[in-house]
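Report on one structure; see the data block that follows.
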Amino acid sequence: ADRYPSEQVLCTITAMAALSISILPFISQVILTWSITGLEQVSVSIFFSSLLGTILLFAVPVTLLGLVSPFAIRLVTKEVGRSGKTSGSLYAISTLGSILGAFLPVLWLIPAFGVRRTLLIFGVILFAASLWGLRSRWRPAFSLVLIALVLPLGPLKNIPDLIYEQESLYNYIQVTQLPDGTRELILNEGQAIHSIYYPNPKTVLTGWYWDYFLAAPYFNAGFTPQKLHRVAIIGLAAGTIAHQFTKVYGQVSIDGVEIDPSIVDVGRKYFAMNEPNLHVHIQDGRTYLETTQAQYDVVAIDAFQQPYIPFQLTTREFFSTIRSHLSSTGVVALNTAHTTHDYRLVQAFVNTMSKVFPSVYVFDVPGTFNTEIMATVQPTSITTFRQNLAQFTPSSVMGQVASEVSAVVTQGHSDGGMVFSDDRAPIEQITDQLLLNYIQQH
């Protein structure tokens, strides 16, 4: 700024920043896919690979835009005695821009146009503003670039078997279909399957952690399927758990809570999420439980946002709210994660749930990093759990579930350590430490 105090130089910088922003929609998927799948080969976790991808994408535009304020102050400051007023005026404008930049995308642009077109809109606006300050001989060349940028963006369908993709207010949604017709719901980074659909209506079990939720009611003595009346699912996604409960327990009333309406639409269109006993609520899971009067026999929580769980769904206060909505023989079940030798997240959940429920149980899902944790309103035992499940023939759906869950269930005990609360729930910090330790060990 001191060496070349020129408006043309400043506008060239903003034009370059605009271009770097505008190309993000075209290169983001390539870079993020490379950072996640490429670095996976050297055992770098999704957290760090996503971080690297984000840095690669935004380093140039952030650096260029960081030059604008000091450069602008240098240009408009004519007298040292007025530098305070001048810089204050510029920063007031900058603050207003920051406020608009924070709220416009979330409240209007992303819901209306999607992330890619939102980036393009900001890039084009900045680019157009830059043109006015450039010399006339540069304007034709930059105008050609501007025209190219406003061309419609098509979907980036370069993932094998991709049949649908959409940007919603909360997620980047993709649906893939395998050759046998099986469909999978993939969100954001694409490193986890959030729902699965099988075209064969006789297929109930998935071989994944979802199957374990079906065993939740069997801790109470004398339980039979006819005693299950109402279920809540926090994190409905495209309805895998709801589909399984309907197949196994019949027309049991199910309240499915999902914060993203676009995922619900995808579930209905591509995952046959049309069970008449399923009542969908577009709402945050905790908000729903704090505003409903309903009582449940089972509350299932499957609300992972890879690689984290929303902190408000992890605390002692949250589980106290759940308990107030459970029947006298109610059970809460949630899905969480561990690594090979690091169970600190699982243990923190056990500590927290033990403050609210008399009996807590842990299920490590074989061959995965998933752990299912269940807790009961009444004091219960593993012996009763296994006895209740022993009634099923090995070839039946519940017989297959019983065989697996009976083999891996263990009693959860508080170790007196971390308890998540509304005041302090460092879920992201613990998850990051868990991932970092896994990297160091591998």
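Throughout, the numbering used here is defined as the position within the sequence shown, counted from one, plus 8. C-beta atoms are modelled at their ideal positions from N, C-alpha and C, and glycine is treated no differently.
Would you call the CB atoms of residue i and residue j closer than 8 angstroms?
i    : j    : result
M406 : N359 : no
V183 : S30  : no
A224 : V339 : yes
T323 : E283 : no
F371 : V417 : yes
F393 : F227 : yes
L127 : P33  : yes
S362 : G420 : yes
E380 : Y257 : no
L75  : I118 : no
F135 : A23  : yes
S28  : L72  : yes
N445 : T347 : yes
Beta-carbon within less than 8 angstroms of residue i's beta-carbon, same chain only, minus the 5 sequence neighbours each way: which residues are those?
i    : result
L5   : Nothing can be reported for residue 5: it is not among the residues displayed for the chain, which extend from 9 to 450.
Q355 : D423, G425 and M426
A245 : L193, H202, S203, E266, I271, G275 and D310
S6   : For the chain, the structure presents residues 9 to 450; residue 6 sits outside this window and is missing.
D305 : P225, K235, L236, H237, R238, V239, L334, S335, T337, G338 and V339
S106 : none
So, at 7 angstroms on beta carbons, what are the nonlocal neighbours of residue i in its own chain, with the 5 sequence-adjacent residues on each side left out?
i    : result
W218 : T248, I249 and Q252
I317 : A311, T344 and I435
D7   : The structure shown does not extend to residue 7, since the chain is modelled only from 9 to 450, so the question has no answer here.
V212 : Q252, K255, V256 and V405
T388 : F227, N228 and S367
Starting from the C-beta of residue i, find all residues in its chain whose C-beta is less than 6 angstroms away, skip the five residues before and the five after it, and write them out in chain order.
i    : result
P163 : Annotation note: pLDDT 49 at P163 (below 50); position unreliable, no value reported.
D310 : G243 and N343
Y206 : T190
I330 : V307 and V340
D523 : With the chain covering 9 to 450 only, the question about residue 523 has no answer from this structure.
E15  : G141
P287 : It is worth fixing the name first, because residue 287 is His in this sequence and not Pro. Closer than 6 angstroms at Cβ, skipping near neighbours: D263.
Decide if residue i is buried, meaning its Cβ has at least 16 other Cβ atoms within 10 Å, or exposed.
i    : result
D263 : buried
P13  : exposed
I237 : Contrary to the premise, residue 237 reads as His rather than Ile in this sequence. By the 10 Å Cβ count, H237 comes out exposed.
A137 : exposed
T391 : exposed
H202 : buried
K165 : With a pLDDT of 47 at K165, under the threshold of 50, the modelled position of this residue cannot be trusted; read the value that follows with caution. So K165 counts as exposed.
P366 : exposed
R191 : buried
P69  : buried
N179 : buried
F357 : buried
A25  : buried
A110 : exposed
I171 : exposed
H349 : exposed
S36  : buried
L321 : buried
R294 : buried
E48  : Legend: pLDDT at E48 = 49, less than 50; position of this residue unreliable, no value from coordinates given.
N396 : buried
L297 : buried
S328 : exposed
T401 : exposed
R124 : buried
I451 : Only positions 9 to 450 of the chain appear in the structure, and residue 451 is not among them; the question remains open.
R92  : Looking at the sequence itself, residue 92 is Gly, so the reference to Arg does not match. G92 should be labelled exposed.
Beta-carbon of residue i versus every beta-carbon of chain D: anything under 8 angstroms?
i    : result
L442 : Note that chain D does not occur in the displayed structure, where there is just one protein chain.
From the DSSP secondary-structure annotation, give me the bridge partner or partners of residue i.
i    : result
Q174 : I181
Y304 : L334
V417 : F371
A383 : V340 and V368
L286 : I262
N378 : A345
Counting only runs of 4+ residues fully inside the region 230-276, write out the alpha helix (DSSP H) ranges in chain order.
-> 248-257
Within the region 306-375, note down every full beta strand (DSSP E) run reaching 3 residues or more, in order along the chain.
-> 334-345 and 367-372
Beta strand (DSSP E) runs wholly inside the region 179-209, at least 3 long, in chain order | 180-185, 191-195 and 201-205
Complete runs of the alpha helix (DSSP H) confined to the region 72-132 [at least 4 residues] | 76-84 and 91-112
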